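*Asks:* Residue numbers (this note's numbering), protein chains in the order written: chain C, 280 to 431; chain R, 204 to 314.
C-beta atoms are modelled at their ideal positions from N, C-alpha and C, and glycine is treated no differently.
A quick note: this is a predicted structure, and the numbers were derived from the prediction, not measured.
Right, I'll just put the structure down here and ask away after.
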């Protein structure tokens with residue numbers, strides 16, 4: 280079957296930080312700061328991280344996981360309102376195979392004691408978005424079960 | 204044979220209905236005969252059968268006839284596929300935002 284399967288997903292994560300919005304915005308807009316929380320800490324090696332923070336500018340992250348897979352994020356900044364909002368569009372690839380394309384919105388609100396962050400991702404996952412090894416087992420078991428069920 | 208997308212769509216369609224969610228919740232306590240599902244939910248047997256068809260097609264539930272009684276039970280693989288698919292990206296971002304929080308807390312302390 281050659282039909283391309285696209286699955287869409289939207290999720291929202293809310294956080295609160297005890298610093299003013301400008302400090303949170305700095306962590307989104309300063310390459311040295313963003314690298315630390317975005318690219319690093321996933322148990323992978325950060326092979327490269329480049330960022331040009333302006334509308335139309337790009338950001339690229341390449342991480343190498345322990346299992347040898349290379350994860351690439353290719354980002355374009357779509358909307359920037361200083362101290363308040365960043366909207367980005369990004370593709371995720373595994374070993375040069377594009378597996379998803381998403382829109383992310385960061386919204387910052389001052390709340391007296393600090394900053395509320397609302398993070399929204401709207402994603403399109405393409406066929407094979409589970410990744411070559413990541414959840415192959417889960418899907419093939421489901422399809423095996425389904426195949427048996429339909430045959431009986 | 205269902206595509207991956209169709210399989211996930213069916214799970215979400217199945218869970219999108221409150222009566223079907225109630226059926227799944229009931230079945231998570233243990234297998235139940237089809238005929239005994241109707242009364243607690245206050246719906247007809249025909250309606251139960253229709254809901255079960257959707258749940259079976261989605262892979263969340265399986266029914267089988269033992270003697271003259273048809274019983275249904277949860278099929279664990281169906282739920283875990285949906286959960287894992289939703290959780291994958293979300294948890295990646297949860298970890299990133301956790302690290303952002305730590306970074307900002309460190310910066311706040313330095314001042």
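Residues of chain C with CB closer than 8 Å to the CB of residue 311 of chain R, please, in chain order.
*Replies:* Those are 297, 298 and 302, listed as they occur along chain C.
*Asks:* Contact defined as beta carbons within less than 8 Å: I believe residue 381 of chain C pairs with residue 402 of chain C. What is the distance between those atoms, to the nearest angstrom?
*Replies:* Confirmed, Cβ separation roughly 4 Å.
*Asks:* Taking 7 Å as the threshold (C-beta atoms), are residue 252 of chain R and residue 258 of chain R in contact?
*Replies:* Not in contact: residue 258 of chain R and residue 252 of chain R (Cβ atoms no closer than 7 Å).
*Asks:* In angstroms with no decimal places, state the Cα-to-Cα distance between residue 334 of chain C and residue 386 of chain C.
*Replies:* Cα-Cα distance, rounded: 16 Å.
*Asks:* Could you tell me whether the segment 309-323 of chain C touches the segment 291-309 of chain R, using the rule of 3 or more Cβ pairs below 8 Å?
*Replies:* Short answer: they touch.
*Asks:* Measure from the C-beta of residue 320 of chain C to each C-beta in chain R and report whether the shortest distance is under 7 Å.
*Replies:* Answer yes: the Cβ-Cβ gap between residue 320 of chain C and chain R drops below 7 Å somewhere.
*Asks:* Does any CB atom of chain R fall closer than 7 Å to the CB of residue 294 of chain C?
*Replies:* True, the Cβ-Cβ gap to chain R drops below 7 Å.
*Asks:* Assign residue 271 of chain R to buried or exposed, taking buried as 16 or more other Cβ atoms, counted over all protein chains shown, within 10 Å of its Cβ.
*Replies:* It is exposed - the Cβ of residue 271 of chain R has fewer than 16 other Cβ atoms within 10 Å.
*Asks:* With DSSP as the reference, identify every bridge partner of residue 293 of chain C, one or two as the case may be.
*Replies:* C/397, per the DSSP bridge assignment.
*Asks:* Helix, strand or coil for residue 327 of chain C, going by three-state DSSP, please let me know.
*Replies:* The answer is strand: DSSP assigns residue 327 of chain C an E or B state.
*Asks:* Suppose the cutoff is 8 Å on Cβ atoms and the five residues either side in sequence are ignored; what does the same chain contact list for residue 393 of chain C look like?
*Replies:* Here the set comprises 295, 296, 297, 298 and 299.
*Asks:* Mapping DSSP to helix, strand and coil, what is residue 297 of chain R?
*Replies:* Note: residue 297 of chain R maps to helix in three-state DSSP.
*Asks:* Which partner residues of residue 303 of chain R appear in the DSSP bridge assignment?
*Replies:* Beta-bridge pairing links residue 303 of chain R to no other residue.
*Asks:* With 16 other CB atoms within 10 Å as the buried threshold, where does residue 326 of chain C fall?
*Replies:* Label assigned to residue 326 of chain C: exposed.
*Asks:* Would the beta-carbon of residue 321 of chain C fall within 7 Å of that of residue 330 of chain C?
*Replies:* Their beta carbons are not under 7 Å apart, which means residue 321 of chain C does not touch residue 330 of chain C by this criterion.
*Asks:* Excluding the five sequence neighbours on either side, which residues of its own chain have a C-beta within less than 7 Å of the C-beta of residue 306 of chain C, listed in chain order?
*Replies:* Here the set comprises 312, 313 and 316.
*Asks:* Residues of chain R with a CB under 8 Å from the CB of residue 312 of chain C: which are they?
*Replies:* Those within 8 Å of residue 312 of chain C in chain R are 306.
*Asks:* Check whether the Cβ of residue 302 of chain R lies closer than 7 Å to any Cβ atom in chain C.
*Replies:* Yes, because at least one Cβ of chain C sits closer than 7 Å to the Cβ of residue 302 of chain R.
*Asks:* Classify residue 262 of chain R as buried or exposed, calling it buried when 16 or more other Cβ atoms lie within 10 Å of its own Cβ.
*Replies:* Result: buried.
*Asks:* Would residue 356 of chain C pass as a contact of residue 340 of chain C if the rule is Cβ separation under 7 Å?
*Replies:* No.
*Asks:* Starting from residue 228 of chain R, trace the alpha helix (DSSP H) in both directions and tell me its first and last residue.
*Replies:* Residues 221-230.
*Asks:* Would you mind sorting residue 149 of chain R into buried or exposed? The rule is 16 or more other CB atoms within 10 Å of its CB.
*Replies:* Summary: the structure shown does not reach residue 149 of chain R, with chain R confined to residues 204 through 314, and so no result is reported for it.
*Asks:* Could you check if residue 249 of chain R is buried or exposed, using at least 16 other CB atoms within 10 Å of its CB as the buried criterion?
*Replies:* With fewer than 16 other Cβ atoms within 10 Å, it is exposed.
*Asks:* Under DSSP, the alpha helix (DSSP H) around residue 304 of chain C begins and ends at which residues?
*Replies:* Element bounds for residue 304 of chain C: 300-308.
*Asks:* With DSSP run on the structure shown, which of helix, strand or coil describes residue 365 of chain C?
*Replies:* Three-state DSSP puts residue 365 of chain C in a strand.
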